[in-house]
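Q: So in this note's numbering, the last spot in the sequence shown is 270, and the numbers never skip.
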Amino acid sequence: MMLKSAEASGKDVPLYEDDLLEEEAKDRQFVTALARGLDVLRCFRPGDVGLGNQEIAERTRLPKPTISRLTYTLTRLGYLTYSERLGVYQLGSGVLALGYAMLSGLDIRERARPLMQDLANDANASVALGTRDRLSMVYVECCKGPGTVTLRLDVGSRVPIATTAMGRSLLSVLPEAERDYLMESMRERFPDRYPAVKAGIEKAMEEMDRYGFCLSLGDWQSDVHAVGVPLLSADRSAVFALNCGGPSFILSPDYLKNEAGPRLAEIARQLTAR
């Protein structure tokens, strides 16, 4: 049995739809047309059979004529394919090549995997390594325990930075100016939910100071518990985060605080020290 994530359900989840282009576009070196093309590729989610121009326009909030030109160009370049029978676009092999090149260059994945798998087996849960993409975290490695109940998340899955243990732990080690910029983006993007989001992040940062890890107990999904820790690359040039998460009836707060959290923090220390 796999718990159905909000992302996997195919429903729109506003916390994933983080649009920072308005601020970035003020930079004279910023190429808006390129950014829009990449946003078209970004709007495809795990489980999508295909998307038409109208659906892409709705997800990117760009005019449909603009989307038509972008999808045409991306198809010519091999980043999208078009099904005449279904009338939809799918990600092409060009995207896979880029993703594989990125993943193969992350040696931290290879070093982390056996440590992550040991914890996943012992906790009977999922253990993942992720990095930030705008206001989301993207999984670059994921290990699952032997149990029959798991989260429907894998490499390439996206989860919100604001409400997950993984995302909050990463926020805790970002430079203050970068964290403030992201917090302001959240406030502008989700004004109604921002007070709760801010309170959750502040609590997580207090937990980071006290325990070296932070918890998310039903904050992302009501039936999911998780613990997260930040992870710096050995040369301190990149910031990642680790989490251990699963169904709330398997991962109790006490277990996360007394067992999984300390082990996850130790894994991060081992990987950073190498």
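Note that beta-carbon positions come from the ideal geometry of N, C-alpha and C, so glycine has one too.
In this text the structure is predicted, and so the values were computed from the model without any measurement.
1. DSSP three-state call for Asp129: helix, strand or coil?
2. Kindly give me the distance between the Cβ atoms of Asp35 and Thr56, rounded to whole angstroms, as I take these residues to be in contact under 8 Å.
3. Using a 10 Å radius around the Cβ and a threshold of 16 neighbouring Cβ atoms, would you call Leu11 buried or exposed?
4. To the nearest angstrom, report how far apart Arg183 and Tyr190 are at their CA atoms.
5. Kindly identify the DSSP beta-bridge partner or partners of Gln86.
6. My output table needs one value for Pro249: the three-state DSSP class, helix, strand or coil.
7. To the nearest angstrom, how far is it from the Cα of Ala192 to the Cα of Arg81?
8. With a CB to CB cut of under 8 Å and the five nearest residues on each side skipped, what residues in its chain are close to Pro249?
9. Could you spell out the range, first to last residue, of the beta strand (DSSP E) harbouring Arg154?
10. Kindly give me the distance between the Cβ atoms of Ala264 and Leu238, rounded to whole angstroms, as I take these residues to be in contact under 8 Å.
11. Does the beta-carbon distance from Met133 to Gly163 come in below 8 Å?
12. From this set, Leu30, Ala29, Leu73 and Ala53, which residue's C-alpha is nearest Phe40's C-alpha?
13. With a threshold of 16 other CB atoms inside 10 Å of the CB of Ser165, please say whether the residue is buried or exposed.
14. Give the C-beta separation of Gly33 and Gln86 to the nearest angstrom, bearing in mind that I take them to be a contact with Cβ-Cβ under 8 Å.
15. Would you say the segment 114 to 127 touches the segment 90 to 100, given that touching needs at least three Cβ pairs under 8 Å?
16. Is any heavy atom of the ligand SAH found at a distance shorter than 7 Å from the C-beta of Tyr190?
17. According to DSSP, is Leu213 part of a helix, a strand, or is it coil?
18. Please report the straight-line C-alpha distance between Asp271 and Ser100, rounded to a whole angstrom.
19. With a CB to CB cut of under 7 Å and the five nearest residues on each side skipped, what residues in its chain are close to Val91?
20. Run through the segment 26 to 56 for me and flag every whole alpha helix (DSSP H) of 4 or more residues, listed as ranges in chain order.
21. I need the straight-line Cα distance from Asn49 to Ala256, nearest angstrom please.
22. Along the beta strand (DSSP E) that carries Val223, what are the first and last residues, could you check?
23. Leaving out the 5 sequence neighbours to the left and right, which residues in its chain are closer than 6 Å to Gly143 when beta-carbon positions are compared?
24. Determine the extent of the beta strand (DSSP E) in which Gly241 is found, giving its start and end residues.
25. Rounded to a whole number of angstroms, what is the C-alpha to C-alpha distance between Gly83 and Pro61?
26. Here's the rule I'm using: 16 or more other beta-carbon atoms within 10 Å means buried, otherwise exposed. How should Ala161 be labelled?
27. Excluding the 5 residues preceding and the 5 following Ser89 in the sequence, name in chain order all residues of the same chain whose CB lies nearer than 7 Å to its CB.
28. Expressed to the nearest angstrom, what Euclidean distance is found between the alpha-carbon atoms of Ile197 and Leu170?
29. Mapping the DSSP letters down to three states, classify Glu13 as helix, strand or coil.
A: In brief:
1. Three-state result, Asp129: strand.
2. Yes, they are in contact, since the Cβ atoms of Asp35 and Thr56 sit about 5 Å apart, within 8 Å.
3. Reliability fails at Leu11, whose pLDDT of 38 lies under 50, so the model's placement of it is uncertain and the value that follows must be treated cautiously. Looking at its Cβ environment, which holds 16 or more other Cβ atoms inside 10 Å, Leu11 is buried.
4. Going from the Cα of Arg183 to the Cα of Tyr190 covers about 5 Å.
5. Partner(s): Thr77.
6. Three-state DSSP puts Pro249 in a helix.
7. Between Ala192 and Arg81, the alpha-carbon positions lie close to 45 Å from each other.
8. Closer than 8 Å at Cβ, skipping near neighbours: Leu211, Leu213 and His221.
9. Counting along the chain, the beta strand (DSSP E) containing Arg154 begins and ends at Arg154 to Pro156.
10. Sure, about 6 Å apart at Cβ, within 8 Å.
11. A distance below 8 Å separates the beta carbons of Met133 and Gly163.
12. Of all alpha-carbon atoms in Leu30, Ala29, Leu73 and Ala53, the one lying nearest the alpha-carbon of Phe40 is that of Ala53.
13. It is buried - the Cβ of Ser165 has at least 16 other Cβ atoms within 10 Å.
14. With a contact defined as Cβ atoms closer than 8 Å, Gly33 and Gln86 miss out at about 16 Å.
15. Taking a cut-off of 8 Å on C-beta distances, the segment 114 to 127 does not touch the segment 90 to 100, as fewer than three cross pairs fall below it.
16. No copy of the ligand SAH occurs in the structure displayed, which carries no ligand at all.
17. Strand, per DSSP.
18. Nothing about residue 271 can be read from this structure; the chain reaches only from -3 to 270.
19. Around Val91: Leu37 and Tyr75.
20. Complete alpha helix (DSSP H) runs here, min 4: 28 to 38 and 49 to 56.
21. Computed Cα separation, rounded: 44 Å.
22. In the DSSP annotation of this structure, the continuous segment of the beta strand (DSSP E) that includes Val223 starts and ends at Val220 to Leu228.
23. Once the five neighbours on either side are set aside, the close Cβ partners of Gly143 are Asn120.
24. Run containing Gly241: Val235 to Pro243, per the beta strand (DSSP E) assignment.
25. Those two C-alpha atoms are separated by around 16 Å.
26. Buried is the call here.
27. So the list reads Gly74, once near-sequence residues are dropped.
28. C-alpha of Ile197 to C-alpha of Leu170: approximately 13 Å in a straight line.
29. Below a pLDDT of 50, predicted positions are generally treated as unreliable, and Glu13, at 44, falls in that range; the measurement from the model is reported next regardless. When secondary structure is reduced to three states using DSSP, Glu13 falls in the coil class, being assigned neither helix nor strand.
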